[in-house]
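These protein sequences, in sequence, are chains G and X. Per my numbering, residue 1 is the first one in the first sequence, and the count goes up by one each step. Per my numbering, residue 1001 is the first one in the second sequence, and the count goes up by one each step. Heads up, the thing below is written out as structure tokens.
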Amino acid sequence: MSGKVAHDWRLKGQRYRLEGEECPHCRVKIFPPRDICPECHKPAKEPYRLSGRGEVYTYSTVNNAPGGFEEYTPYTVALVKLEEGPMITAQLTDVTPENVKIGMPVEMVTRKLRAQGDEGTIIYGYKFRPVLQA
Amino acid sequence: MRDVAIIGIGQTPVGEHWDTSLRHLALQAALNALHDANIEKVDAIYVGNMLSGEVGGQEHLGALVADSLGMSGVEALKIEAACASGAAALRVGILAIASGMLDLVLVLGVEKLTDTLGGETTAALALAADAEYEVSQGISFVALNALLMRRYMHDYGWRGDDFANFVINAHANALNNPNAMFHRRVTPESYARSALIADPVKLFDASPVCDGAAAVVLAPAEYARTLSPAPVRIRGSAVATAPLAVHSRKDPLALAAARLSARRAYEMAQITPQDVDFFELHDAFTIMSALSLEAAGFAERGQGVRLALEGDITLQGRLPVATLGGLKARGHPVGATGMYQVVEAVLQLRGLAGENQVPAACIGMTQNIGGSGATIITHILEMA
């Protein structure tokens, strides 16, 4: 886990806006950005902002958290398959674990990931919640 | 390229060694291996370890171990590949001898985890995952395995209790291994009762945090027999990688690096999965056992659990696994685990596995998994 200010600052585009990339050769959408297309292995640096909509591929509940996350247990983590293709690891929010299902539609929201005591920075980033029904 | 053989093995008991430092664990295993090989000096020492810096505040283990053994001056390096560090060090030793550059190599795996407490240890182990995109979300290693296990159960229709025999088998086999961490039987009832730690992963699905060290001495196969009465030849050795983060893998349940490394090792050894007499697999979690059996060609996709359900993995079965307790019951001292697997495979091949001897064991395979499957290392061993 980071806790290093420059490290978190560098990730602001991804954490706040899901900024990924699109491959100019095969048009695959890429998240996290890696500058090389995982499909055709050619350079791929065109910025592409993902919609934040997707569905739950799998999920679990963390009861024994790594250092820095203990105060938030229990929390639900998931792999979310984004509608543009990439998969993303993130916490689910605004839902109790027993109401989560594989295949459930979810959308990105910005939430607090963790605080670092009274002196440290508060880290914000993406989590996913069930899509709100109109 | 020269063939390489193992001419000596050594290990410490696995457990919570409150009174023993990393240095002394390493020393004990190394001296045992050197004694077993009946030699005093080597050309190089490769130390597999994952977390000595994070947990113990000590890096630079190559020089530390060489110095402790009274061999200062010798080539010595630490090799790191998360939980696959042990097998990674073995791989480097094999490369060194196969190339002809060195003749005698000591390979050691050592880990001292119990100097930190729960959350710190969990965070340290998570260093094997993607720091920016997995760990930053609060993921733990247990949770990563839970994500895989849930999807596996969903896709193939297995229930949690279907995984029980991996655990029951490992604990039964550990009863006769004096170096194992646990010497207590697990029953279907006690497995079913064990607490959920990250749904669907139960406490008994997971291997324990512990300390330990294991070592081998390597020599060129061409004159291994002049050095040892029972050399074991390394027939196959292969490392493969997959994307670091689970979310970056095209098919998270495929364990692509296991398939690749097993295939390369079979090709090098010129054998097929049917030729393997026993398999020391990486049962850090029961889901890893199932995925590893499938990727290595022992079961169809989604059917790895069936080998446990039908008894194929017991000492009397078609493919015994975790023959001396595995990661689950011998213990999983992460950077040492790959070397324990190899030391135990050598015991089986020498016919020295006692009550747990696999009958007519000629070819043994070990597979060491780093992280959630990003580095996977397979070795195939045979009596020389």
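C-beta atoms are modelled at their ideal positions from N, C-alpha and C, and glycine is treated no differently. Because the structure is a prediction, the values reported are computed rather than measured.
Worksheet entry | C-alpha distance - G:Val131 paired with X:Ser1207, whole-angstrom precision | 37 Å
Discussion item. On the criterion of 16 or more Cβ atoms from any shown chain inside 10 Å, does X:Ala1192 qualify as buried, or is it exposed?
Written reply: exposed
Worksheet entry | Three-pair Cβ contact test at 8 Å for the region 1047-1058 of chain X versus the region 1112-1119 of chain X | yes
Worksheet item: Does any CB atom of chain X fall closer than 8 Å to the CB of G:Asn63?
Response: yes
Item to complete: Classify G:Leu18 as helix, strand or coil using the three-state DSSP reduction.
Response: coil
Worksheet item: Of all Cβ atoms in chain G, is any one closer than 8 Å to the Cβ of X:Leu1244?
Response: no
Discussion item. For G:Cys139, tell me which candidate among G:Gly20, G:Lys127, G:Gly52 and G:Leu50 has the shortest Cα-Cα distance.
Written reply: Examination of residue 139 of chain G is not possible in this model, given that chain G is present from 1 through 134 alone.
Practice prompt. Pick helix, strand or coil for X:Pro1231, following the three-state DSSP scheme.
Written response: coil
Item to complete: List the residues of chain X that G:Phe128 touches, going by C-beta distances under 7 Å, in chain order.
Response: Near G:Phe128 there are no residues of chain X at all, since even the closest Cβ is about 10 Å away, more than 7 Å.
Discussion item. Comparing C-alpha positions only, which one of X:Ala1299, X:Ala1242, X:Ala1284 and X:Ala1262 sits nearest to X:Gly1364?
Written reply: X:Ala1262
Discussion item. I'd like the list of long-range same chain contacts for G:His25, defined as Cβ closer than 6 Å, with 5 residues on each side in sequence excluded.
Written reply: Cys40 and Lys42
Worksheet item: Taking buried to mean at least 16 other C-beta atoms within 10 Å of its own C-beta, is X:Gly1370 buried or exposed?
Response: buried
Item to complete: Mind listing the chain X neighbours of G:Gln91? Cutoff is C-beta to C-beta under 8 Å, in chain order.
Response: Gln1137 and Gly1138
Item to complete: Consider the Cβ of X:Ala1126: report whether some Cβ of chain G lies at a distance smaller than 8 Å.
Response: yes
Fill in: Through-space distance from G:Phe31 to X:Asp1312, alpha-carbon basis
41 Å
Discussion item. Less than 8 Å between the beta carbons of X:Lys1041 and X:Met1071, yes or no?
Written reply: yes
Discussion item. Against X:His1154, what residues of chain C qualify as contacts under a CB-to-CB distance less than 8 Å, listed in chain order?
Written reply: Of the chains in the structure shown, none is chain C; the protein chains are G and X.
Worksheet entry | Residue from X:Ala1044, X:Gly1297 and X:Ala1180 with nearest C-alpha to X:Ala1079 | First, the amino acid is wrong: residue 1079 of chain X is Ile here, not Ala. Among X:Ala1044, X:Gly1297 and X:Ala1180, the Cα nearest to that of X:Ile1079 belongs to X:Ala1044.
Worksheet item: Using the beta-carbon of each residue, which ones in chain G are nearer than 7 Å to X:Glu1294?
Response: The contacting residues do not exist; X:Glu1294 stays about 17 Å from chain G at best.
Worksheet item: Taking 8 Å as the CB-CB cut-off, is X:His1247 touching chain G?
Response: yes
Worksheet item: How many Å lie between X:Ala1308 and X:Ile1168 at the Cα?
Response: 10 Å
Fill in: Listed by chain order, chain G residues near X:Thr1122 by CB distance under 8 Å
Asn64, Ala65, Pro66 and Gly67
Discussion item. Using a Cβ-Cβ cutoff of less than 6 Å, which residues in the same chain neighbour G:Val208 once the five nearest sequence positions on both sides are dropped?
Written reply: Only positions 1 to 134 of chain G appear in this structure, which leaves residue 208 of chain G out of reach.
Worksheet item: Tell me, which residues are paired with X:Asp1211 by DSSP?
Response: X:Gly1015
Practice prompt. Work out the CA separation of X:Thr1314 and X:Ala1195 for me, nearest whole Å.
Written response: 25 Å
Discussion item. According to DSSP, X:Cys1083 sits in a beta bridge with which residue or residues?
Written reply: X:Ala1081
Worksheet item: Between the C-alpha atoms of G:Gln116 and X:Met1101, what's the straight-line distance to the nearest angstrom?
Response: 50 Å
Item to complete: Output the distance between the C-alpha atoms of X:Asp1277 and G:Leu11, rounded to the nearest integer angstrom.
Response: 49 Å
Item to complete: Measure the Cβ-Cβ separation of G:Glu98 and G:Ser51 and say whether it is below 8 Å.
Response: no
Fill in: Length of the line joining the Cα atoms of X:Ala1098 and X:His1379
15 Å
Practice prompt. List the residues that DSSP assigns as beta-bridge partners of G:Thr89.
Written response: G:Leu79
Practice prompt. With DSSP collapsed to three states, give me the class of X:Pro1252.
Written response: coil
Worksheet item: Within 8 Å (strictly less), CB to CB, does X:Arg1150 reach chain G?
Response: yes
Discussion item. Using only the alpha-carbon positions, how far apart do X:Ala1257 and X:Gln1058 sit?
Written reply: 30 Å
Worksheet item: So what does G:Tyr48 bridge to, in DSSP terms?
Response: G:Gly20
Practice prompt. May I ask you to list the residues that DSSP assigns as paired with G:Pro105?
Written response: G:Glu55
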